[in-house]
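> Numbering (this note's numbering), first residue to last: 1 to 398.
We treat Cβ as the ideally placed atom computed from N, Cα and C, and that holds for glycine.
Small disclaimer: the values here were computed from a predicted structure and weren't measured.
Take a look at the following structure, please.
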Ligand code: NAD
Ligand code: MG
């Protein structure tokens, strides 16, 4: 009998993590959950350990790891508990693990995701921020260590499904003329512009089609999510920005498209449920059931498209500018965005000030070559400090 595929889920208590466990639990003969990780949600992790019996559980916070250890022992569960970034990197590289789901949110996911790439794993990438921060470095490590990178972001997974087999030879040489990156436009696509400064975190995270973590939901509302995905697409598919076009598609039924030189446009469609790209990447190159409802096109009835409104969504322009500036500029963009979004969620910063913080930080922190990890991490750190300072000034009404 062939052995089961060993899986580590980085960020198992989050939205993507829970969807991944749901898919894995449908195929117990095929996959084995080896390790689960979380930041500090001990109760969530304890429940997951009870249900999935992983060999390892990692809590990034040491105090949380200690509490989890006690709780597991009290219930007679044999999961080994590790802590900190070292623990996260360790379970990303275990020999009995074939596949690593990278589903930590933000820059915190970079080191463990890199550890998975360096260990030559099949890396299922949801943590787009890792690629935005350190795309050149990350793609280098993937190649050098023979890792297999499969996109989980629904758009990039759709693009991957519409690409010809050897797209890694260069898009032009396989006849691909354009990547059409679709986005819903988020909850504020039609909100009167003068209302935007007053919108609340509750309104921002209430996405019309997708149910996601708080940070990516705010990113969708500012369309920074599409900006990050634009950068992500360039790295994943080895192309410059001139071959990527953003199209707003409010129904989120088409998850993205690829246009070929002969005029063909291939699209991937499905209900907006992350279990489809997750199951696709877990089973690739095979297919397996995901639990997603079949798409009912008669019910959908119509598909609409429009150009993105860059005056309403300045984050889209900022992401493009950072990509053009190159080097550490995209790490600076990402760090400033993380700080600004956290301050908005804490009700300290206004929604429209998110873009102002990012624009000011990009102007202040110089872009450098991003060939070394320490340079990228230093840029991330510098940008966070600048963003905090600028956010505080705006919060005081300056
Ligand atoms: P989430 O907030 O629901 O979950 C995040 C997970 O990461 C949790 O398990 C949390 O414990 C862990 N985590 C948070 N901070 C951490 C830290 N500092 N150190 C270690 N672990 C930490 O987020 P999500 O919506 O599941 O998104 C995860 C990633 O997937 C993001 O990069 C997001 O952009 C991407 N993504 C999500 C969706 C979606 O539908 N949710 C779709 C596409 C891409
Ligand atoms: Mg997406």
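How is the beta strand (DSSP E) around residue 145 delimited, first residue to last?
If you number the chain shown from 1, residue 145 lands on position 145. From DSSP, residue 145 is part of no beta strand (DSSP E); its letter is neither H nor E.
> Assuming residue 341 and residue 153 form a contact by the criterion Cβ under 8 angstroms, report the distance between their Cβ atoms to the nearest whole angstrom.
What you label residue 341 is simply residue 341 of the chain shown in a count that begins at 1. What you label residue 153 is simply residue 153 of the chain shown in a count that begins at 1. 17 angstroms between Cβ atoms; not a contact.
> So, using beta-carbon positions, are residue 221 and residue 188 closer together than 7 angstroms?
Reading the chain shown from its first residue, position 221 is the one you call residue 221. Reading the chain shown from its first residue, position 188 is the one you call residue 188. Their beta carbons are under 7 angstroms apart, which means residue 221 touches residue 188 by this criterion.
> Kindly indicate the opening and closing residues of the beta strand (DSSP E) around residue 255.
Counting from 1 along the chain shown, the entry for residue 255 is found at position 255. Segment 254-260, the beta strand (DSSP E) holding residue 255.
> Exposed or buried, what is residue 122 when buried is set at 16 or more other beta-carbons lying within 10 Å of its beta-carbon?
Taking the first residue of the chain shown as 1, we reach residue 122 at position 122. Residue burial is scored here from C-beta neighbours: residue 122 has at least 16 other C-beta atoms within 10 angstroms and is therefore classed as buried.
> Listed by chain order, which residues have C-beta atoms less than 7 angstroms from any heavy atom of the ligand MG?
With the cut-off at 7 angstroms, the residues found are 153, 154, 155, 225, 229.
> Since I believe residue 367 is in contact with residue 319 (beta carbons under 8 angstroms), could you give me their beta-carbon distance rounded to a whole number of angstroms?
What you label residue 319 is simply residue 319 of the chain shown in a count that begins at 1. What you label residue 367 is simply residue 367 of the chain shown in a count that begins at 1. Between residue 367 and residue 319 the Cβ distance is about 14 angstroms, and since that is not below 8 angstroms, they are no contact.
> For residue 136 and residue 273, what's the separation of their Cα atoms in angstroms?
Taking the chain shown and counting its residues from 1, the one referred to as residue 136 is at position 136. Taking the chain shown and counting its residues from 1, the one referred to as residue 273 is at position 273. One C-alpha to the other measures close to 30 angstroms.
> Under a three-way DSSP split, which group does residue 68 fall into?
For the purposes of this step, residue 68 is identified with residue 68 of the chain shown, where counting begins at 1. Residue 68 falls in the helix class under three-state DSSP.
> For residue 479 versus residue 130, is the C-beta distance shorter than 7 angstroms?
Because the chain spans 1 through 398 in this model, residue 479 falls outside it and cannot be assessed.
> Report yes if the CB atom of residue 81 is closer than 7 angstroms to the CB atom of residue 94, and no otherwise.
As a first step, residue 81 is located in the chain shown; it is residue number 81 there, counting from the start. As a first step, residue 94 is located in the chain shown; it is residue number 94 there, counting from the start. The answer is no: Cβ separation not under 7 angstroms.
> Could I get the ranges of all uninterrupted beta strand (DSSP E) runs contained in the region 341-365, with 3 residues as the minimum, in chain order?
none
> With a threshold of 6 angstroms, establish whether the CB of residue 35 neighbours any heavy atom of the ligand NAD.
Locating residue 35 in the chain shown gives position 35, where the first residue counts as 1. The nearest non-hydrogen atom of the ligand NAD is 6 angstroms or more from the C-beta of residue 35.
> Buried or exposed for residue 353, please, with buried defined as at least 16 other CB atoms from any protein chain shown within 10 angstroms of its CB.
Against the chain shown, residue 353 aligns to sequence position 353. By the neighbour-count rule (16 or more Cβ atoms within 10 Å), residue 353 is buried.
> Excluding the 5 residues preceding and the 5 following residue 325 in the sequence, name in chain order all residues of the same chain whose CB lies nearer than 7 angstroms to its CB.
Taking the first residue of the chain shown as position 1, residue 325 is located at position 325. The answer, listed in chain order, is 367.
> Is it buried or exposed, residue 394, if we count other Cβ atoms within 10 angstroms and call 16 or more buried?
As a first step, residue 394 must be located in the chain shown, where it is residue number 394. Buried, by the Cβ-count rule.
> By the 10 Å Cβ neighbour count, where 16 or more other Cβ atoms means buried, how is residue 396 classified, buried or exposed?
Here residue 396 refers to the residue found at position 396 when the chain shown is read from its first residue. Burial call: exposed.
> Could you check if residue 300 is buried or exposed, using at least 16 other CB atoms within 10 Å of its CB as the buried criterion?
Taking the chain shown and counting its residues from 1, one reaches residue 300 at position 300. With fewer than 16 other Cβ atoms within 10 Å, it is exposed.
> Write down the C-beta distance between residue 279 and residue 23 rounded to the nearest angstrom, noting that I regard them as a contact closer than 8 angstroms.
What you label residue 279 is simply residue 279 of the chain shown in a count that begins at 1. What you label residue 23 is simply residue 23 of the chain shown in a count that begins at 1. Contact flag correct, Cβ pair sits at about 5 angstroms.
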